[in-house]
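Peer 1:
2 protein chains.
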Amino acid sequence: MTVTLADVAARAQVSPATVSRVLNGNYPVAASTRERVLRAVDELDYVLNGPASALAAATSDLVGILVNDIADPFFGIMASAIQSEIGGPGGRAGGERLAVVCNTGGSPERELTYLTLLQRQRAAAVVLTGGAVEDAPHAAAVAAKLQKLADAGTRVVLCGRPPSPDTGAIALTFDNRGGGRELTEHLIGLGHRRLGYIAGPEERTTTRHRLEGHRAALEAHGIEEDARWTVYGRYDRQSGYEATLELLRRDPSLTAVVAANDSVALGACAALRDSGLRIPEDVSVAGFDDLPFSVDAVPSLTTVRLPLSEAGARAGRIAMGREEPPPGGIATIRGELMVRGSSGGPRAS
Amino acid sequence: MTVTLADVAARAQVSPATVSRVLNGNYPVAASTRERVLRAVDELDYVLNGPASALAAATSDLVGILVNDIADPFFGIMASAIQSEIGGPGGRAGGERLAVVCNTGGSPERELTYLTLLQRQRAAAVVLTGGAVEDAPHAAAVAAKLQKLADAGTRVVLCGRPPSPDTGAIALTFDNRGGGRELTEHLIGLGHRRLGYIAGPEERTTTRHRLEGHRAALEAHGIEEDARWTVYGRYDRQSGYEATLELLRRDPSLTAVVAANDSVALGACAALRDSGLRIPEDVSVAGFDDLPFSVDAVPSLTTVRLPLSEAGARAGRIAMGREEPPPGGIATIRGELMVRGSSGGPRAS
DNA sequence: AGCGTCACAGCAAGCGCTTTCTATCCGATA
DNA sequence: TATCGGATAGAAAGCGCTTGCTGTGACGCT
Numbered sequence: 121m122t123v124t125l126a127d128v129a130a131r132a133q134v135s136p137a138t139v140s141r142v143l144n145g146n147y148p149v150a151a152s153t154r155e156r157v158l159r160a161v162d163e164l165d166y167v168l169n170g171p172a173s174a175l176a177a178a179t180s181d182l183v184g185i186l187v188n189d190i191a192d193p194f195f196g197i198m199a200s201a202i203q204s205e206i207g208g209p210g211g212r213a214g215g216e217r218l219a220v221v222c223n224t225g226g227s228p229e230r231e232l233t234y235l236t237l238l239q240r241q242r243a244a245a246v247v248l249t250g251g252a253v254e255d256a257p258h259a260a261a262v263a264a265k266l267q268k269l270a271d272a273g274t275r276v277v278l279c280g281r282p283p284s285p286d287t288g289a290i291a292l293t294f295d296n297r298g299g300g301r302e303l304t305e306h307l308i309g310l311g312h313r314r315l316g317y318i319a320g321p322e323e324r325t326t327t328r329h330r331l332e333g334h335r336a337a338l339e340a341h342g343i344e345e346d347a348r349w350t351v352y353g354r355y356d357r358q359s360g361y362e363a364t365l366e367l368l369r370r371d372p373s374l375t376a377v378v379a380a381n382d383s384v385a386l387g388a389c390a391a392l393r394d395s396g397l398r399i400p401e402d403v404s405v406a407g408f409d410d411l412p413f414s415v416d417a418v419p420s421l422t423t424v425r426l427p428l429s430e431a432g433a434r435a436g437r438i439a440m441g442r443e444e445p446p447p448g449g450i451a452t453i454r455g456e457l458m459v460r461g462s463s464g465g466p467r468a469s
Numbered sequence: 121m122t123v124t125l126a127d128v129a130a131r132a133q134v135s136p137a138t139v140s141r142v143l144n145g146n147y148p149v150a151a152s153t154r155e156r157v158l159r160a161v162d163e164l165d166y167v168l169n170g171p172a173s174a175l176a177a178a179t180s181d182l183v184g185i186l187v188n189d190i191a192d193p194f195f196g197i198m199a200s201a202i203q204s205e206i207g208g209p210g211g212r213a214g215g216e217r218l219a220v221v222c223n224t225g226g227s228p229e230r231e232l233t234y235l236t237l238l239q240r241q242r243a244a245a246v247v248l249t250g251g252a253v254e255d256a257p258h259a260a261a262v263a264a265k266l267q268k269l270a271d272a273g274t275r276v277v278l279c280g281r282p283p284s285p286d287t288g289a290i291a292l293t294f295d296n297r298g299g300g301r302e303l304t305e306h307l308i309g310l311g312h313r314r315l316g317y318i319a320g321p322e323e324r325t326t327t328r329h330r331l332e333g334h335r336a337a338l339e340a341h342g343i344e345e346d347a348r349w350t351v352y353g354r355y356d357r358q359s360g361y362e363a364t365l366e367l368l369r370r371d372p373s374l375t376a377v378v379a380a381n382d383s384v385a386l387g388a389c390a391a392l393r394d395s396g397l398r399i400p401e402d403v404s405v406a407g408f409d410d411l412p413f414s415v416d417a418v419p420s421l422t423t424v425r426l427p428l429s430e431a432g433a434r435a436g437r438i439a440m441g442r443e444e445p446p447p448g449g450i451a452t453i454r455g456e457l458m459v460r461g462s463s464g465g466p467r468a469s
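Below, the structure is given as structure tokens:
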């Protein structure tokens with residue numbers, strides 16, 4: 121039924137071993153033999169059996185990429201960059217590898233299950249993107265899993281995720297705290313003193329770090345934060361919309377709204393507009409990430425640019441062993457403040 | 121070193137066969153035995169060897185999803201929906217399956233290579249999303265590959281892609297032509313007679329179909345198209361920006377610009393604004409797809425909504441054999457015209 | 001001429017699991 | 001009580017490939 125190595129060997133009049141070696145190309149094979157084999161492969165339209173070779177060689181060419189939400193460009197961009205370096209077809213490196221993008225939906229259980237699935241497939245490497253969940257038991261479970269993967273020879277890279285100490289995982293972390301702080305300082309510098317903050321899900325590291333940066337900025341400038349000024353939500357537009365209405369309800373005198381990310385900021389803009397407020401004349405808005413659409417918003421969004429693509433590419437290269445991991449296995453990647461149209465001085469109050 | 125089935129068997133005092141049966145759960149195993157085995161699995165922290173079981177069982181639990189550009193929400197949304205039905209952790213269906221999202225970057229070669237890689241892994245199913253390339257040799261090569269996959273028992277589903285006759289592939293096709301026509305008719309209905317069109321890459325089916333719809337509308341209303349009114353580009357914002365400037369240069373009297381998709385439309389809006397034109401007072405703009413950000417654009421984008429999520433979910437279910445394929449293996453999915461702020465009557469000329 | 005050296009090619013032993021077929025134990029049936 | 005069939009468990013034969021080790025000529029060297 122299906123063509124096997126043996127069939128090719130028979131046709132090329134060589135042993136299966138030789139065919140295997142031609143296909144894997146890491147053993148001397150005479151040119152004439154090689155050609156004969158390749159011809160047979162071609163004629164029989166032979167396709168290697170992946171599982172069989174993975175079993176025999178005890179390695180696989182799968183690389184897992186875990187993302188929270190594949191529909192979110194934040195992850196899409198990173199995944200794309202990672203994958204471009206993983207190889208896959210078109211990648212520079214030989215040895216075609218299959219990049220597996222796994223959508224965890226932000227769920228800790230799914231994350232764990234995917235990790236197990238990848239472990240089961242004996243993945244060559246795994247890249248985890250995006251913030252982690254702070255829940256201690258889960259964090260421990262994930263750490264244990266990463267440890268195990270690393271022990272089994274799977275290279276583990278965290279991209280845009282806090283380091284996971286003692287697991288052998290390389291971490292490329294975004295400086296969310298620093299970015300958050302810089303962003304809020306920018307607004308404070310413009311004269312804002314009453315700033316609302318729309319945070320992401322409370323249990324995520326990214327949420328906490330950005331918020332901490334925000335608060336550090338407030339504190340540094342002697343601004344006492346009002347508990348009403350922070351609302352938690354999700355990392356999506358709708359959440360931003362609703363949270364903004366809530367903020368406005370709690371304190372209509374706010375002159376700026378800092379959002380957990382750009383999508384949230386967009387929702388915030390919509391809510392403000394629907395409430396009859398102008399941006400930035402009445403209320404300034406700031407996002408985070410600088411996703412492609414942010415520059416197209418009207419007004420364009422003041423935000424913190426994260427080098428998603430660069431970070432992803434680097435993570436991919438490290439995962440493939442094509443780049444030295446950073447010293448200590450940890451690198452912090454800074455964001456860049458992008459001042460645009462959505463932020464301005466506060467209205468006279 | 122690594123724990124194998126045999127180790128578990130030894131520990132549970134049963135044969136490897138029994139362990140396998142417990143794990144796969146499709147053979148009667150006494151409750152007490154099962155429990156003993158599961159305990160051993162737990163204690164040893166055993167993880168099944170995927171390749172080995174795939175080899176022995178001659179089936180794998182990998183499902184491939186091919187997308188043109190993972191960083192583009194159009195594909196991200198579909199991929200997400202497909203994956204949610206594929207199972208993966210959290211999916212309803214048992215038998216966890218690993219969804220593999222492959223980024224072709226729109227390149228025919230990569231598409232083919234990924235298909236081979238998937239074939240090599242003996243994927244359980246493959247879903248191809250997005251338009252195809254029209255290039256005949258390549259189309260034939262892909263068709264042959266799909267045929268082979270289908271023959272090997274891999275379920276093949278096309279989602280948002282034209283049917284591939286005689287390959288055994290199920291097709292859920294978007295009615296790009298109809299949508300394009302409806303959209304342009306809307307603009308014509310508003311009084312526009314001079315409409316620019318920013319198409320996607322010339323060799324893609326999606327591009328052609330949408331353009332055909334546009335032209336059909338023009339023709340139906342007796343509007344003769346000026347060759348200067350069509351510009352080809354890519355499916356991204358920048359392309360829309362540049363193409364719009366080009367259109368404006370060619371014919372400043374245009375009163376509407378129809379874009380290949382929403383991203384392009386956003387670029388068009390930016391270009392128009394930068395050219396000092398108001399939307400829709402001076403020039404109306406229309407997009408296609410209705411991606412999430414379209415409603416947030418200012419003005420919000422008139423576009424054709426494609427039920428990406430629903431289509432993806434359905435494709436996923438069909439791929440998993442959990443839903444009947446449509447009669448004839450082909451279903452056409454219609455878009456829905458969403459009239460919003462970016463389209464209005466033409467300026468008095 | 002004799003022998004060590006290469007450069008290749010083949011043998012065969014698995015890799016870790018699934019699954020068919022067979023053996024066994026029991027309660028049920030006559 | 002002898003027989004049977006159902007319910008479980010085990011033995012063993014692969015699944016298709018990789019790879020360490022073992023030939024085997026051909027060549028070059030002394």
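These protein sequences, in sequence, are chains A and B. Under our numbering, the first residue of the first sequence is numbered 121, with each subsequent residue one higher. Under our numbering, the first residue of the second sequence is numbered 121, with each subsequent residue one higher. Beta carbons: idealized from backbone N, C-alpha and C, even for Gly. Please read all numbers here as calculations on a predicted model, not as lab measurements.
Who are the Cβ neighbours of residue 226/B in its own chain at under 6 Å, not counting the five residues just before and after it?
Peer 2: On the second sequence, residue 226/B is found 106 positions in, with the first residue counted as 1. Shown here for residue 226/B: same chain residues with a beta carbon closer than 6 Å to its own, the five before and five after excluded, namely 188 in chain order.
Peer 1: Look at residue 472/A and residue 320/A and say whether their C-beta atoms are less than 8 Å apart.
Peer 2: For chain A, the structure presents residues 121 to 469; residue 472/A sits outside this window and is missing.
Peer 1: State yes or no: is the beta carbon of residue 186/A nearer than 8 Å to at least one beta carbon in chain B?
Peer 2: As a position in the first sequence, residue 186/A is number 66, starting the count at 1. So no, residue 186/A is outside the interface.
Peer 1: Tell me the start and end of each unbroken beta strand (DSSP E) in the segment 369-426 of chain A that is at least 3 residues and wholly inside, in chain order.
Peer 2: Within the segment 369-426 of chain A, the complete beta strand (DSSP E) runs of at least 3 residues are 376-379, 404-406 and 423-425.
Peer 1: Go through its chain and collect everything with a Cβ distance to residue 356/A's Cβ below 6 Å, but skip five positions before and after it.
Peer 2: Walking along the first sequence from the start, residue 356/A turns up at place 236. 383.
Peer 1: What residue ranges within the segment 130-186 of chain B form continuous alpha helix (DSSP H) runs of no fewer than 4 residues, ordered along the chain?
Peer 2: 136-144, 151-164 and 170-177
Peer 1: In its own chain, which residues sit with a C-beta less than 6 Å from the C-beta of residue 220/B, not counting the 5 before and 5 after it?
Peer 2: The count along the second sequence starts at 1 and reaches residue 220/B at position 100. Taken in chain order, the residues that qualify are 182 and 184.
Peer 1: For the putative contact between residue 404/B and residue 310/B, defined by C-beta atoms under 8 Å, what is the C-beta separation to the nearest angstrom?
Peer 2: To locate residue 404/B, count along the second sequence from 1; it is residue 284. To locate residue 310/B, count along the second sequence from 1; it is residue 190. At roughly 7 Å, the Cβ-Cβ gap stays under 8 Å, so residue 404/B and residue 310/B are in contact.
Peer 1: Within 8 Å of any Cβ in chain B, is that where the Cβ of residue 197/A sits?
Peer 2: Working through the first sequence from its first residue, we reach residue 197/A at position 77. Taking Cβ atoms only, chain B reaches closer than 8 Å to residue 197/A, which makes this a yes.
Peer 1: Would you check if the segment 156-165 of chain A and the segment 196-203 of chain A touch, i.e. whether three or more CB-CB distances between them fall below 8 Å?
Peer 2: Too few Cβ pairs lie closer than 8 Å, so no.
Peer 1: Determine the DSSP secondary structure at residue 326/B, reduced to helix, strand or coil.
Peer 2: Against the second sequence, residue 326/B aligns to sequence position 206. It is helical.
Peer 1: Quick one: what's got a C-beta closer than 6 Å to residue 141/B's C-beta in the same chain, skipping five residues either side?
Peer 2: On the second sequence, position 21 is the one that residue 141/B refers to. Taken in chain order, the residues that qualify are 147 and 149.
Peer 1: Distance, Cα to Cα, residue 353/A vs residue 335/A?
Peer 2: Reading the first sequence from its first residue, position 233 is the one you call residue 353/A. Reading the first sequence from its first residue, position 215 is the one you call residue 335/A. Put simply, the backbone Cα of residue 353/A is about 18 Å away from that of residue 335/A.
Peer 1: Quick one: give me the first and last residue of the beta strand (DSSP E) that residue 456/B is part of.
Peer 2: Along the second sequence, one-based indexing puts residue 456/B at 336. Its beta strand (DSSP E) spans residues 456-458.
Peer 1: Residues of chain B with a CB under 9 Å from the CB of residue 279/A: which are they?
Peer 2: If you number the first sequence from 1, residue 279/A lands on position 159. Under the 9 Å cutoff, chain B gives no residues; its nearest Cβ is about 15 Å from residue 279/A.
Peer 1: Kindly indicate the opening and closing residues of the beta strand (DSSP E) around residue 453/A.
Peer 2: Translated into the one-based positions of the first sequence, residue 453/A becomes position 333. Looking at the DSSP string, the run of the beta strand (DSSP E) that includes residue 453/A is 450-453.
Peer 1: Can you tell me which of the three DSSP states residue 233/B falls into?
Peer 2: For the purposes of this step, residue 233/B is taken as the residue at position 113 of the second sequence. Reduced to three states, the DSSP call for residue 233/B is helix.
Peer 1: Just how far apart, CA to CA, sit residue 429/A and residue 259/B?
Peer 2: Position 309 of the first sequence, counted from the start, is the residue given in the question as residue 429/A. Position 139 of the second sequence, counted from the start, is the residue given in the question as residue 259/B. Residue 429/A and residue 259/B: Cα-Cα distance of roughly 31 Å.
Peer 1: Residues of the segment 360-384 of chain A in Cβ contact with chain B at a cutoff of 7 Å, in chain order, please.
Peer 2: Within the segment 360-384 of chain A, not one residue has a Cβ closer than 7 Å to any Cβ of chain B.
Peer 1: Classify residue 466/B as buried or exposed, calling it buried when 16 or more other Cβ atoms lie within 10 Å of its own Cβ.
Peer 2: For the purposes of this step, residue 466/B is taken as the residue at position 346 of the second sequence. Flag for residue 466/B reads buried.
Peer 1: Out of 198/B, 241/B, 280/B and 363/B, which one is the CA nearest neighbour of residue 177/B?
Peer 2: Here residue 177/B corresponds to residue number 57 of the second sequence, with the count starting at 1. Considering only alpha carbons, the answer is 241/B.
Peer 1: In angstroms, rounded to a whole number, what distance separates the CA positions of residue 436/A and residue 291/A?
Peer 2: For the purposes of this step, residue 436/A is taken as residue 316 along the first sequence, with counting starting at 1. For the purposes of this step, residue 291/A is taken as residue 171 along the first sequence, with counting starting at 1. The alpha-carbon atoms of residue 436/A and residue 291/A are separated by roughly 12 Å.
Peer 1: According to DSSP, is residue 354/B part of a helix, a strand, or is it coil?
Peer 2: Here residue 354/B refers to the residue found at position 234 of the second sequence. Coil.
Peer 1: Would you check if the distance between the CB atom of residue 254/A and the CB atom of residue 155/A is smaller than 8 Å?
Peer 2: Here residue 254/A corresponds to residue number 134 of the first sequence, with the count starting at 1. Here residue 155/A corresponds to residue number 35 of the first sequence, with the count starting at 1. No, the pair does not count as a contact, with Cβ atoms beyond the cut-off.
Peer 1: When you check each C-beta in the segment 233-256 of chain B against every C-beta of chain A, which residues fall closer than 7 Å?
Peer 2: 233, 234, 236, 237, 239, 240, 241 and 242
Peer 1: Kindly confirm or deny that the segment 418-434 of chain A and the segment 355-374 of chain A touch, where touching means at least three C-beta pairs closer than 8 Å.
Peer 2: With the cut-off at 8 Å, the segment 418-434 of chain A and the segment 355-374 of chain A do not touch.
Peer 1: Are the C-beta atoms of residue 122/A and some chain B residue less than 8 Å apart?
Peer 2: Locating residue 122/A in the first sequence gives position 2, where the first residue counts as 1. It does; some Cβ of chain B falls within 8 Å.
Peer 1: For residue 223/A, write down the residues that DSSP places opposite it in a beta bridge.
Peer 2: Taking the first sequence and counting its residues from 1, the one referred to as residue 223/A is at position 103. DSSP, once it has assigned bridges, lists 187/A as partnering residue 223/A.
Peer 1: Residue range of the beta strand (DSSP E) that residue 293/A falls in?
Peer 2: Residue numbering aside, residue 293/A sits at position 173 when the first sequence is read from its first letter. Segment 290-294, the beta strand (DSSP E) holding residue 293/A.
Peer 1: For chain A, find out if any of its Cβ atoms is closer than 8 Å to the Cβ of residue 180/B; answer yes or no.
Peer 2: Taking the first residue of the second sequence as position 1, residue 180/B is located at position 60. True, the Cβ-Cβ gap to chain A drops below 8 Å.
Peer 1: In the DSSP assignment, what residue or residues form a beta bridge with residue 253/A?
Peer 2: Counting from one through the first sequence, the residue named residue 253/A turns up at place 133. Note: residue 253/A is bridge-paired with 324/A in the DSSP secondary-structure output.
Peer 1: Measuring alpha carbon to alpha carbon, tell me which of 281/A, 268/A, 341/A and 274/A ends up nearest residue 248/A.
Peer 2: Position 128 of the first sequence holds residue 248/A. Selected option, being the one with the closest Cα: 281/A.
Peer 1: Counting only beta-carbon separations shorter than 8 Å, does residue 294/B have a partner in chain A?
Peer 2: Indexing the second sequence from 1 puts residue 294/B at position 174. No - not a single Cβ of chain A is within 8 Å of the one on residue 294/B.
Peer 1: Straight-line CA distance for residue 197/B to residue 197/A?
Peer 2: Taking the second sequence and counting its residues from 1, the one referred to as residue 197/B is at position 77. Taking the first sequence and counting its residues from 1, the one referred to as residue 197/A is at position 77. Using only the alpha carbons, I get a separation of about 14 Å.
Peer 1: In chain order, what residues of the same chain have a beta carbon less than 8 Å from the beta carbon of residue 159/A, not counting five sequence neighbours either side?
Peer 2: Within the first sequence, the letter at position 39 stands for residue 159/A. Around residue 159/A: 132.
Peer 1: Assuming the contact rule is C-beta atoms closer than 8 Å, residue 235/B and residue 269/B should be a hit. Round their C-beta distance to whole Å, please.
Peer 2: Position 115 of the second sequence holds residue 235/B. Position 149 of the second sequence holds residue 269/B. With 8 Å as the limit, residue 235/B and residue 269/B qualify as a contact, their Cβ atoms being about 7 Å apart.
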